[in-house]
């Protein structure tokens, strides 16, 4: 396959002459006419870059049409000469990233020695293309307030573009958070990021941004929101392209320092809530930039046709960031087994039950007995749990009202994160005369972070990747050759490497035997030193594993453009090779505890019994046979590889002076990844005969005759005739593009288009069952009714499971659970379309009204695969006349003692539930989640209004409003009945308003007021500028609880809630707390906390019914727009003063305010959806861990220009 792909890529490159897939350069086109409107053929049109003096020439055809492509963004002069006409000169035409600028030219009769001089920008209206993009020019890039000076955040200016990442993680090294974009209904984090037209994606986190450049080195920034040009692809949403500056004819130097300090900040919302003072904050972001020509005596001089320009930029970043921490740790008396003070958030006492002290009811279910006085005897406390507890910090504040006892009781309001970062860019531009030019660019950066989330800093038990590091290196070389004025070739090669690593030094050097973990077990671990991961629901976790991800991205692309009369033809290819290496140890040894073992009913939780820490003290961790609970993981370090090959053809056809049609066709080959040594699964085969058939004794087959036909097992790449890639190759990914722009009159353009795209693969492809292995914890021999005492002291007495690779065939992972990816998966499609009008308003503004929509079809969905039939489920579900007790009945375990199950619960358990035995593949303990189902869809519709205005050089305004709806069909309400969930997408925001402005105040030299001042007065009043950056949007839809039936509108008054949400309050309630709870025996009663909150005994007051076990997971969509999460509101602003010290030396002082009005934002906080939690339907902003924005921070800066 690899050799075939290589040959295919080479053939396509030769046939297409190779074209770069995402072009960042601009195009000038238009008509040359005489005074009567007639065409002027054979006119010479020359575009000259005013910074570098490089020139590009075109000749008009018989209709007077001309096109000059592949122009570096910047300021140009256009000169036109034709026999019998005066020379036409037009200066100060600014070309932006990827722009197709229309420049219409009218000549006057006269001698060529005479000239007409015109000053003005290119046409405001987009008359040459139907594509929709947002461009941020050099002035806006350099002057708008950018938090942490990250140019990619300029994308938040664009209509239809949604950024869901946290505002607190927008720094140039927050590569994952700053990649969370959705463009016009595209799936989040499925966009293409480019720098100078070269790929700039990191595979880690599915699709991170790899490199973020220094703001001062950025010339322009562009987001392609809707592109009907076949040169754009490899995205399911938009294309984000940042273009770096180039050196010019003059030498320039810039230096800067930006700083933030504690005394310039407002306090955090959490800090104010607990009366804490402002935390220490220190930020210094400083650097310098040099640019200009390179002169070498006799080789490169001012008079040389060959010219070399350079740009070098360096920035250092040092920050100590306030990060108030709220954690939960057991109170002192609880550590000794005393839970007598334990209460839930409603103030109801919580009873701790003894799982080893019980009687049996009529159905042989255990009826547990409470511990006397709610105190666990000291001789029952597990020594390992006691040792781990010793690494937990003690609470430092009492539990506040409204919270469960022993929660949110460890506050570090002044905790500080530490970040160190440097950024470097070197770029060289070569002009080899008028026909050949090239550039070479190197960019690199390195970030080191020191941060923990559980209050333990660089000591054993820390929940932090201390230190955490991200390293980038990126190289690109680009060559443009003008073979003839109508034939231009462009070739580019690039390489980038993105490394993300968290070493966890304090944990990785710890001897876990100090906690009492048996040395015999530790000797079997992949590494000798490791603290482990210790989790208790409702409390803060201890420990974290190590990890490293590396992405290598190799890219070869080229382009050839042919101008043939009214047609601009492009043909080309984009070839990429992606390597993704993961060296994640993960949580090798993880113990997870839940309330299950100490709650009243063994298989049904409630709000007044059980506690996870109590279960932990008893040495009873939890397991359900998946990697989400207690397990021992033996990791694999895979090396995944992938090809991407994409040729295309594009024709931009000027049908007439008023009509331009864009026609394109692109073909994507996005190969499914492989693993270098074939250490990878390739789906699940439900029909393969299981070798277990021959292992059952006759008496077992007599009791369970279906086991004689047992089937099902995992497939493996490159084994048994299976291909070596994760899923099948798709050879039919053709992507038609069509668009048109029709100029109705001089001031009005109608534009519309359609384009088909394909989503990029994500990391769900990568499944490694057998090559990595986890050993599930065995904590019960009767399905969870009663525990094996003190499991924690020797959690794996039979040893651990080591990777078997593919050697076990269909026996791989029996007794365990694992996800699998469907190898028949095909690349999901994204249909994009738009139609609208663009109106020029006056001489300096445009108003655009556009309908924009998209449809994503066949997206990656998932479904529980190993579940019993619907008919059987009905026998379990009370709502359908069944009985949970029947399905929970324990039967003899037919797998007990069979060697393939060694190390699993199935090997030792005496019994297994009727429900588990009814699974189609009962030898696997779990649902075998099937991914890659191609059954998900997204619908997006919007109306977008955009207004842009530039008043001279003094004022730039950009504002837009988007009204939209985004609906998804993803996941299953009831997988047994094959009923999918359809509802609002998690990122649906109906209303979004954005506004930016850059305003040079009208005072001083060359301005309206004070133009005649001199001396000190002139310096004081000149050079003032103000900017603002404003966003306001609806909140996201609220997540709805599962396992509940909504009995009536939960927003109705009741339970102490009047239907309003006060986001400044300590407690915010989304719906009323009136919940009825259905037991497995069919009885229905109010939740105790509902009674405490005033819901009463009248069931008509209740809005929710918590259903019994085995009911469908959902009776409603995942989310509701009736109650939304916190709305987003941010206003950043700056004021600056530029002072000319000498003719060539200037100094700028800046003050920038981020979150000027100190608006708190908890947009990613989720209302509690657990109906057993007394805080059901609420959040607590004062203890929020997902506050998406910093409090107001003021940044001071100084920049020097020479």
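Numbering (the UniProt record's numbering), first residue to last: 1 to 1202. Glycine included, each C-beta is placed from N, C-alpha and C at the ideal position.
Kindly indicate the opening and closing residues of the alpha helix (DSSP H) around residue i.
| i | result |
| --- | --- |
| residue 1021 | 1015 to 1021 |
| residue 141 | 138 to 143 |
| residue 387 | 383 to 389 |
| residue 77 | Premise fails: residue 77 lies in the beta strand (DSSP E), 74 to 81, not in any alpha helix (DSSP H). |
| residue 908 | 905 to 908 |
| residue 161 | Run containing residue 161: none in the alpha helix (DSSP H); it sits in the beta strand (DSSP E), 161 to 163. |
So, using beta-carbon positions, are residue i and residue j closer together than 8 Å?
| i | j | result |
| --- | --- | --- |
| residue 589 | residue 512 | yes |
| residue 66 | residue 45 | yes |
| residue 775 | residue 631 | yes |
| residue 888 | residue 553 | no |
| residue 498 | residue 202 | yes |
| residue 383 | residue 793 | yes |
| residue 1117 | residue 903 | no |
| residue 580 | residue 551 | yes |
| residue 832 | residue 230 | no |
| residue 473 | residue 444 | yes |
| residue 1190 | residue 471 | no |
| residue 54 | residue 437 | yes |
| residue 1110 | residue 884 | yes |
| residue 863 | residue 973 | no |
| residue 1223 | residue 770 | Residue 1223 lies beyond the stretch modelled for the chain, which goes from 1 to 1202, so this question has no answer here. |
From residue i to residue j, what does the alpha carbon distance come to, in whole angstroms?
| i | j | result |
| --- | --- | --- |
| residue 559 | residue 660 | 22 Å |
| residue 1027 | residue 761 | 40 Å |
| residue 21 | residue 755 | Its pLDDT being 41, under 50, residue 21 is placed unreliably by the model, and the measurement read from it follows with that caveat. For residue 21 and residue 755, the distance between alpha carbons rounds to 15 Å. |
| residue 1158 | residue 1188 | 12 Å |
| residue 801 | residue 593 | 22 Å |
| residue 210 | residue 978 | 40 Å |
| residue 332 | residue 391 | 13 Å |
| residue 910 | residue 1047 | 41 Å |
| residue 319 | residue 413 | 17 Å |
| residue 780 | residue 670 | 46 Å |
| residue 1202 | residue 563 | 41 Å |
| residue 92 | residue 323 | 48 Å |
| residue 963 | residue 997 | 22 Å |
| residue 702 | residue 921 | 18 Å |
| residue 1107 | residue 356 | 28 Å |
| residue 1054 | residue 1033 | Because the pLDDT of residue 1054 is 41, which lies under 50, any placement of that residue in the model is unreliable, and the number read from its coordinates should be weighed accordingly. The straight-line gap from Cα to Cα measures roughly 29 Å. |
Take residue i and list the residues in its own chain whose beta-carbon comes closer than 7 Å to its own, dropping the five residues that flank it on each side.
| i | result |
| --- | --- |
| residue 344 | 350, 404, 607, 608, 1089 and 1174 |
| residue 485 | 57, 58 and 59 |
| residue 867 | 919, 927, 975 and 976 |
| residue 518 | 794 |
| residue 1146 | 1138, 1139, 1140 and 1201 |
If we cut at 8 Å on Cβ distances, does residue i have a partner in chain C?
| i | result |
| --- | --- |
| residue 563 | Absent from the structure is chain C; it holds one protein chain and no more. |
Leaving out five residues on either side along the sequence, give the residues of the same chain with a beta carbon under 8 Å from the beta carbon of residue i.
| i | result |
| --- | --- |
| residue 295 | 301 and 302 |
| residue 880 | 873 and 874 |
Can you list, in chain order, the residues of its chain whose CB lies under 6 Å from that of residue i, leaving out five sequence neighbours each side?
| i | result |
| --- | --- |
| residue 945 | 849 and 961 |
| residue 966 | 185, 940, 985 and 988 |
| residue 995 | 959 and 1030 |
| residue 475 | 442 and 495 |
What residue does the beta strand (DSSP E) around residue i start on, and which one ends it?
| i | result |
| --- | --- |
| residue 536 | 533 to 536 |
| residue 1119 | 1119 to 1124 |
| residue 195 | 192 to 195 |
| residue 501 | 487 to 502 |
| residue 244 | 239 to 244 |
| query | Can you find at least 3 beta carbon pairs, one from the region 134 to 146 and one from the region 278 to 291, that sit closer than 8 Å? | reply | Verdict: no, contact absent.
| Cβ contact check for the region 166 to 182 and the region 121 to 139: 3 or more pairs under 8 Å | Not touching, per the Cβ criterion.
| field | Any 3 or more C-beta pairs closer than 8 Å across the region 707 to 727 and the region 687 to 699 | value | Touching, yes.
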